[in-house]
Amino acid sequence: MCDYTKLFREALATNKDHTKWDTGDYSGIKTISNLKVGNVGEAFIVKVCHDLGIDYTIPTDKGPWDIVINGIKFEVKTATEDVNGSFQFNHIRYHREYEAVLCLGISPTSLQFNLWSKADIVTGKAGRLVSMEKNANASYKLTKRKNTLYEIELFKEKIDSFTI
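Quick look at the structure:
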């Protein structure tokens, strides 16, 4: 008789996340769905703005941008660190009505971020965008190394210099 549970557990054990995610203040992010990772990122940025006294507004409905910070409409993208120390920020779209992108990178023991204007995204100044689908131009991914992002403790300084 086939023990499906045993076989599944064996398959799962050989395909689990890198051991760096076994511990750390932010390791719990790996236990939720990818959709929820984005929701956590957005909620975190709202809480950071609130705690730091940064002016922000949340849209009343789900639209092309996630938060207005100091009058600038931001699309928030959240990614977890891969085994090579990079972050893949997915579903960046040119045609959406936002003014800037705020990327939040989550590592097991640290949080990083960076922000780029929509013009920086479109012109490639933010980095090379790769289509998420072959022969399609609707949605892109931006891969960034950890050393190209700021530590979260610099959030107020960087957001103020970007928006004011």
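Note that the working numbering has the sequence shown beginning at 1, numbered continuously upward. Built from N, CA and C at the ideal position, the CB exists for glycine as well. Please read these numbers as outputs of a predicted model, since none were measured by experiment.
For residue i, which residues of its own chain have a beta-carbon under 8 Å away from its beta-carbon, when the five flanking residues on both sides are left out?
i, result
"L110", "Position check: residue 110 holds Ser in this sequence, whereas Leu was assumed. Counting only Cβ-Cβ distances below 8 Å, and skipping sequence neighbours, we find Y26, E151, I152."
"V122", "Y94"
Between residue i and residue j, which are expected to be in contact by the criterion C-beta below 8 Å, what is the C-beta distance as a whole number of angstroms?
i, j, result
"L104", "G41", "5 Å"
"L142", "G127", "5 Å"
"F74", "D66", "6 Å"
Please report the straight-line C-alpha distance between residue i and residue j, rounded to a whole angstrom.
i, j, result
"K156", "T163", "10 Å"
"H18", "R145", "17 Å"
"A119", "E10", "47 Å"
"N84", "Y4", "33 Å"
"A13", "I29", "19 Å"
"V101", "I72", "10 Å"
"Y98", "K6", "48 Å"
"T78", "F89", "6 Å"
"D160", "F8", "49 Å"
"N114", "A43", "17 Å"
"L147", "G53", "The sequence given here places Asn at residue 147; Leu does not occur at that position. Distance between the alpha carbons of N147 and G53: 27 Å."
"M132", "C2", "38 Å"
"L154", "K16", "33 Å"
"S86", "K20", "13 Å"
"S117", "P59", "19 Å"
"Y94", "K134", "17 Å"
For residue i, which residues from the same chain have a beta carbon less than 6 Å from its beta carbon, with the 5 sequence-adjacent residues on both sides left out?
i, result
"V68", "T57"
Tell me whether the beta-carbon of residue i lies closer than 8 Å to the beta-carbon of residue j.
i, j, result
"T80", "V48", "no"
"L35", "I92", "no"
"D51", "N70", "no"
Using the Cβ count rule (16 or more neighbours within 10 Å means buried), how would you classify residue i?
i, result
"K125", "exposed"
"S107", "buried"
"V76", "buried"
"Y140", "buried"
"I180", "An answer regarding residue 180 cannot be provided, because it is not within the stretch 1 to 164 covered by the chain."
Starting from the C-beta of residue i, find all residues in its chain whose C-beta is less than 7 Å away, skip the five residues before and the five after it, and write them out in chain order.
i, result
"P64", "R96, E97, Y98"
"I45", "I67, V76, L102, L104"
"A138", "R93"
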